[in-house]
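Number of protein chains: 2
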Amino acid sequence: MHSPTELAEKFREKQLKLTPQRQLLFGLLHQNDSHPSAESLFEVASKQMPGISLRTVYQTLGELAEMGELQLVDVGTGAKRFDPNMTDHHHFVCESCGAVRDVEIAAKPKMRGGSGKFVISQVGVVFHGRCENCVPTAKRSPAQQAKK
Amino acid sequence: MHSPTELAEKFREKQLKLTPQRQLLFGLLHQNDSHPSAESLFEVASKQMPGISLRTVYQTLGELAEMGELQLVDVGTGAKRFDPNMTDHHHFVCESCGAVRDVEIAAKPKMRGGSGKFVISQVGVVFHGRCENCVPTAKRSPAQQAKK
DNA sequence: TGTTAATTAGCAAGGGTTGCGAACTAGATG
DNA sequence: CATCTAGTTCGCAACCCTTGCTAATTAACA
Numbered sequence: 474m475h476s477p478t479e480l481a482e483k484f485r486e487k488q489l490k491l492t493p494q495r496q497l498l499f500g501l502l503h504q505n506d507s508h509p510s511a512e513s514l515f516e517v518a519s520k521q522m523p524g525i526s527l528r529t530v531y532q533t534l535g536e537l538a539e540m541g542e543l544q545l546v547d548v549g550t551g552a553k554r555f556d557p558n559m560t561d562h563h564h565f566v567c568e569s570c571g572a573v574r575d576v577e578i579a580a581k582p583k584m585r586g587g588s589g590k591f592v593i594s595q596v597g598v599v600f601h602g603r604c605e606n607c608v609p610t611a612k613r614s615p616a617q618q619a620k621k
Numbered sequence: 474m475h476s477p478t479e480l481a482e483k484f485r486e487k488q489l490k491l492t493p494q495r496q497l498l499f500g501l502l503h504q505n506d507s508h509p510s511a512e513s514l515f516e517v518a519s520k521q522m523p524g525i526s527l528r529t530v531y532q533t534l535g536e537l538a539e540m541g542e543l544q545l546v547d548v549g550t551g552a553k554r555f556d557p558n559m560t561d562h563h564h565f566v567c568e569s570c571g572a573v574r575d576v577e578i579a580a581k582p583k584m585r586g587g588s589g590k591f592v593i594s595q596v597g598v599v600f601h602g603r604c605e606n607c608v609p610t611a612k613r614s615p616a617q618q619a620k621k
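Line by line, the protein sequences are chains G and F. If you read the first sequence in the working numbering, its first letter stands for residue 474, the second for the next number, and so on. If you read the second sequence in the working numbering, its first letter stands for residue 474, the second for the next number, and so on.
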């Protein structure tokens, strides 16, 4: 679902209009693997579409998430992050620069304990640590990525 | 570190005064396995100590967390939860009533991908789903637990 | 009992997000 | 192409959760 045509169809299916704002945001999100927050996506979008509203960014992102086009990821750094990668994966958050990376998990954890009556619909795994640019030995200053 | 005496010592070590507020909050937290938010702990505390301030609750919980006496858990439901269980475990969050339960994980996930240069200091795993009281078949209305 | 550094409480302010309503527009229709 | 209207956008106010600041209070030591 990366081509403009396919996007248009997806939107039409859901009775969503193909507005310039939606096209822009959808495109930006897919060019971007930094797991941006609404705020940082807004900043990028503003450059290409000066009058765009932060409100619209939130709204559009929420809609895309409902459509199953992207995930909302809460990595505990304040703002939610948006991730167009819908494959089964988890996240690594650099506690120094705030960067978020996708992480694949080989083993599926098994639960024990509990009554067994639980219905689990989603598992969120977040690794916190330091990325290559921020490991203690590295003298270079931490790359300040969107923490918002 | 459950007895009042041990608590007093711990505090003394850290040059923290043994105030009534701290004693109360520490005690309440350990009687409580519901992973309360600051707000809900505040409500409980207020019954026993009417004038206590929400500010003090936040402050005290923050201090206890720094002391390694409790964990701050962000399960993505808005407010942070506080958990005196410092053993290696993860959390299950009912998406209907907001209840939080401890979950033990048998398998430790192995990471693959990435450069291997990551330094992982913490892994947060949160399961989302429905608890016994809230599974779809149950007709009783979801138990509304502290979602704050 | 006095002294002092730590603590409390209250309020204001901050970040992130959402509700609301008025103005606007994509897309269907004629 | 003009019209119509449901769906959108945008700006603002308001919301929740949390923290900064400060004056008043108090635990703990001498």
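Every residue, glycine too, gets a C-beta built ideally from N, C-alpha and C. As the structure is a computational prediction, the values presented were derived from the model and not from experiment.
Through-space distance from residue j to residue i, alpha-carbon basis
i, j, result
"K620 (chain F)", "S510 (chain F)", "For K620 (chain F), the predicted model reports a pLDDT of 41, less than 50, meaning its position is unreliable and no value from the coordinates is stated."
"L428 (chain G)", "F591 (chain G)", "Residue 428 (chain G) is absent from the model: chain G starts at 474 and stops at 621."
"H563 (chain G)", "G551 (chain G)", "18 Å"
"H508 (chain G)", "E479 (chain F)", "45 Å"
"E605 (chain F)", "I578 (chain F)", "19 Å"
"Q488 (chain F)", "Q521 (chain F)", "26 Å"
"S569 (chain F)", "R603 (chain F)", "6 Å"
"E539 (chain F)", "S513 (chain F)", "21 Å"
"R528 (chain F)", "E516 (chain F)", "12 Å"
"E486 (chain F)", "G597 (chain F)", "29 Å"
"P523 (chain F)", "K553 (chain F)", "23 Å"
"G549 (chain G)", "C567 (chain G)", "11 Å"
"Q532 (chain F)", "P493 (chain G)", "46 Å"
"G541 (chain G)", "G541 (chain F)", "39 Å"
Candidates the options, of which the one nearest residue i by Cα
i, options, result
"D575 (chain F)", "F:Q595, F:I593 and F:H601", "F:H601"
"G571 (chain F)", "F:V530, F:D547 and F:P523", "F:D547"
"Q496 (chain F)", "F:E486, F:L537 and F:E512", "F:L537"
"D561 (chain G)", "G:S594, G:L527, G:L514 and G:G524", "G:S594"
"D506 (chain F)", "F:R485, F:M559, F:P493 and F:T533", "F:M559"
"L534 (chain G)", "G:F555, G:P523 and G:E516", "G:F555"
Beta-carbon contacts of residue i that lie in its chain and below 6 Å, excluding the five residues immediately before and after
i, result
"P557 (chain G)", "L502, H503 and L543"
"A481 (chain G)", "L491"
"F565 (chain F)", "R574, V576 and F600"
"F484 (chain G)", "L491"
"C607 (chain F)", "C567, S569, C570 and P615"
Residues sharing a beta bridge with residue i, DSSP
i, result
"V592 (chain G)", "F:R603"
"S510 (chain F)", "F:R554"
"V566 (chain G)", "G:V573 and G:H601"
Same chain only: Cβ atoms within 7 Å of residue i, ignoring 5 sequence neighbours per side
i, result
"A518 (chain F)", "L497, L498, L501, I525 and V530"
Practice prompt. May I have a chain-ordered list of the beta strand (DSSP E) segments no shorter than 3 residues that lie completely inside the stretch 513-550 of chain F?
Written response: The qualifying runs are 544-546.
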